[in-house]
Amino acid sequence: MVEDVRRTTAILVLALSILLLAPGRPWRARRRAGVRPNHILTERVLPADWPSEPRTPARIDHARFARALHELCGFMPPGRDERWATWITQYAQEFDVDPFLIGALVHRQSRCLPDAENVEGPGLGLTQIHREMYAEQLRDGVLRYRVIENDRWVERERRVDRFPFAGPRLLMAEPNIYFAAAILAMWKDQHETLDGEFDQQAHRHWVSHFLWGDAVRSDWEEERVFADRRRLLEYYGAHQGMAPLRVRGVEMGCPLDGCPRVVLSWLGAEREGGAREHRGIDVDSLPGEPVRAIADGLVTFAGVDLPGHRSHVQVARAEEYERYGRRDLGAGGRYVCIRHGRGEGDDASLRSCSMHLETVEVRYGDRVTRGQRIGTVGRTGMQRSAAHLHLEMYTGERLEDASELLSGLLLGRPPEDPRARR
Numbered sequence: 094m095v096e097d098v099r100r101t102t103a104i105l106v107l108a109l110s111i112l113l114l115a116p117g118r119p120w121r122a123r124r125r126a127g128v129r130p131n132h133i134l135t136e137r138v139l140p141a142d143w144p145s146e147p148r149t150p151a152r153i154d155h156a157r158f159a160r161a162l163h164e165l166c167g168f169m170p171p172g173r174d175e176r177w178a179t180w181i182t183q184y185a186q187e188f189d190v191d192p193f194l195i196g197a198l199v200h201r202q203s204r205c206l207p208d209a210e211n212v213e214g215p216g217l218g219l220t221q222i223h224r225e226m227y228a229e230q231l232r233d234g235v236l237r238y239r240v241i242e243n244d245r246w247v248e249r250e251r252r253v254d255r256f257p258f259a260g261p262r263l264l265m266a267e268p269n270i271y272f273a274a275a276i277l278a279m280w281k282d283q284h285e286t287l288d289g290e291f292d293q294q295a296h297r298h299w300v301s302h303f304l305w306g307d308a309v310r311s312d313w314e315e316e317r318v319f320a321d322r323r324r325l326l327e328y329y330g331a332h333q334g335m336a337p338l339r340v341r342g343v344e345m346g347c348p349l350d351g352c353p354r355v356v357l358s359w360l361g362a363e364r365e366g367g368a369r370e371h372r373g374i375d376v377d378s379l380p381g382e383p384v385r386a387i388a389d390g391l392v393t394f395a396g397v398d399l400p401g402h403r404s405h406v407q408v409a410r411a412e413e414y415e416r417y418g419r420r421d422l423g424a425g426g427r428y429v430c431i432r433h434g435r436g437e438g439d440d441a442s443l444r445s446c447s448m449h450l451e452t453v454e455v456r457y458g459d460r461v462t463r464g465q466r467i468g469t470v471g472r473t474g475m476q477r478s479a480a481h482l483h484l485e486m487y488t489g490e491r492l493e494d495a496s497e498l499l500s501g502l503l504l505g506r507p508p509e510d511p512r513a514r515r
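Per the working numbering, numbering through the sequence shown is continuous, rising by one, with the last residue being 515.
1. Taking the C-alpha atoms as reference points, what is the distance between A308 and D282?
2. Kindly provide the ranges of any alpha helix (DSSP H) runs that are 4 or more residues long and lie completely inside the stretch 334–359, ordered along the chain.
3. Taking a contact to mean a Cβ-Cβ separation below 8 Å, would you say G464 touches R385 in this structure?
4. Could you tell me whether the Cβ atoms of F193 and L277 are closer together than 8 Å?
5. Can you find the residues in the same chain that come closer than 7 Å, C-beta to C-beta, to G468, ignoring five residues on each side of it along the sequence?
6. In the structure shown, what three-state DSSP assignment does F258 receive?
7. Spatial neighbours of H296 within its chain, please: C-beta separation below 6 Å, excluding the five flanking residues on both sides.
8. Taking H405 as the reference, give the member of V128, E412, D389 and R427 with the closest Cα.
9. Using C-beta distances below 7 Å, list every residue in its chain close to V318, excluding the 5 sequence neighbours before and after it, in chain order.
10. Over the uninterrupted beta strand (DSSP E) stretch that includes I374, give me the two end residues.
11. Give the secondary structure of S500 by DSSP, where H, G and I count as helix, E and B as strand, and everything else as coil.
12. Would you give the residue range spanned by the alpha helix (DSSP H) that R176 belongs to?
13. Nearest to N243 by alpha carbon, out of A156, E285 and E415?
14. Can you tell me the Cβ-Cβ gap for L217 and G260, rounded? I've got them flagged as a contact below 8 Å.
15. Could you round the C-beta distance between G423 and G474 to whole angstroms and report it? I think they count as a contact, below 8 Å.
16. Taking V356 as the reference, give the member of T182, L484 and M345 with the closest Cα.
17. Within the continuous alpha helix (DSSP H) that includes M226, where are the two ends?
18. Between A151 and the ligand GTP, is there a pair consisting of the residue's CB and a ligand heavy atom that are separated by less than 7 Å?
19. Quick one: Cα of V461 to Cα of G489, how far?
20. Helix, strand or coil: how does DSSP classify E451 here?
21. Assuming A274 and F188 are in contact, meaning their beta carbons sit under 8 Å apart, how far apart are those beta carbons, in whole angstroms?
22. Between the Cα of R432 and those of V392, M169 and G334, spot the shortest distance and give me the residue it belongs to.
23. Does the distance from the C-beta atom of V470 to that of E382 stay below 8 Å?
24. By the three-class DSSP mapping on this structure, what secondary structure does L194 have?
25. When the Cα atoms are used, what is the spatial distance from A252 to F168?
26. Whose CA, out of V247, R176, P508 and Q293, lies closest to the CA of R160?
27. In this structure, how does DSSP classify S57 when only helix, strand and coil are distinguished?
28. G505 and R137 look like a contact to me (Cβ under 8 Å); what is the Cβ gap, rounded to whole Å?
29. Under 6 Å Cβ to Cβ from P400, same chain only, skipping five residues before and after it: list those, please.
30. Can you tell me whether R322 is helix, strand or coil according to DSSP?
31. Please name the residue in Y271, V247, D174 and E248 whose C-alpha comes closest to that of F256.
32. For Y227 and W280, I'd like the C-alpha separation in whole angstroms.
33. Quick one: is H155 buried, meaning 16 or more other Cβ sit within 10 Å of its Cβ, or exposed?
34. Relative to the C-alpha of S442, which candidate in Q407, D421 and D389 has its C-alpha closest?
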């Protein structure tokens, strides 16, 4: 009986190995568990839609990098930004990878929490390394992998023996950063082979293999990492962000850092089962991200949306927002509207409204400049959706499509049927 069970188990293991091994491919396919592709979002922005990514500076100033990392991550205990900056720049140099890419992964994958564990899968630590995915090739302090060179399989090796490759160590900041740099270097070296051996979703960069494994199933996660990399470069001072657009005579910039950013939902999308239409656009963003004034102007509203006839209430001081419970807010939540002046050929002023904010950092009557921080991304006023920026734009009282006015700063291909623009 025991022998039959062993024989059956061996047959199943052999069959699985055959399924995972393609003809001529000398390893079992590596696949990151617990990650599912979002095919709808993948179709909205194609690799060709993106401009070139900003370059990494040839030399990195440690203090500036630490400050930029702190600004990206938000709150950090004293000294943590400097320690992490040291490890990121040190191991990026050792393995010849981009330190700004590592910093972006740290923020995007774990929100800068060193002991983070993925509730949907086995990812661990700052960069959510899937230990089991690399267990066969990272042993005894050596990372082994294969590439095709001159039509032949060639084995490569890298010494990675500074720390044990073990789950508890991956929940510590320095070992996680060290192994992330080493694994990124492997994908950098191996990605051309992988893209020829596996069916892939079109993508721009080999960091997608860090996120998915051998076969990239979506480029959506890659684009979110690059948004954080652009933000980190902006905070460091190596990238000035995208140039403003001239919209009807008014210079307009991005409502978020790290542009271009992606539109998730468009003007006219159905809401509440078709009971109403979406009156603006939703821009992909994370809780706590700075929200910026898109142009110079005057704050005409800073307050809350409430249900019923008292739907728009100005709030004079920041502490007063807590008087209005999050569950008591209307669909707009906490929001800010700014009048930007008259556009060329328009009798009425251009106006923008940024909604669902977690914090509001301006008051009614304030004068603001393009790029000034006016609040942070939140989900106030929402019932089910994840945090994001809802942006509305008007000429006078006429509702405008912000995705068209800010095209280039915001990217996305809306579905042809407005009712499907969810």
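The beta-carbon is built from N, C-alpha and C at its ideal position, and this holds for glycine as well.
On the basis of the supplied data:
1. 15 Å
2. none
3. yes
4. no
5. V384, V429, S447, L450, T452, V453 and E454
6. coil
7. V309, D312 and E315
8. R427
9. A197, L198, R201 and V300
10. I374 to V376
11. strand
12. R173 to F188
13. E285
14. 6 Å
15. 6 Å
16. L484
17. R224 to Y227
18. Among the components of this structure there are no ligands whatsoever, and the ligand GTP is therefore not found.
19. 19 Å
20. coil
21. 4 Å
22. V392
23. yes
24. helix
25. Per the sequence shown, residue 252 should be read as Arg rather than Ala. One C-alpha to the other measures close to 34 Å.
26. R176
27. No answer is possible for residue 57: the residues shown for the chain start at 94 and end at 515.
28. 5 Å
29. G423
30. helix
31. Y271
32. 12 Å
33. exposed
34. D389
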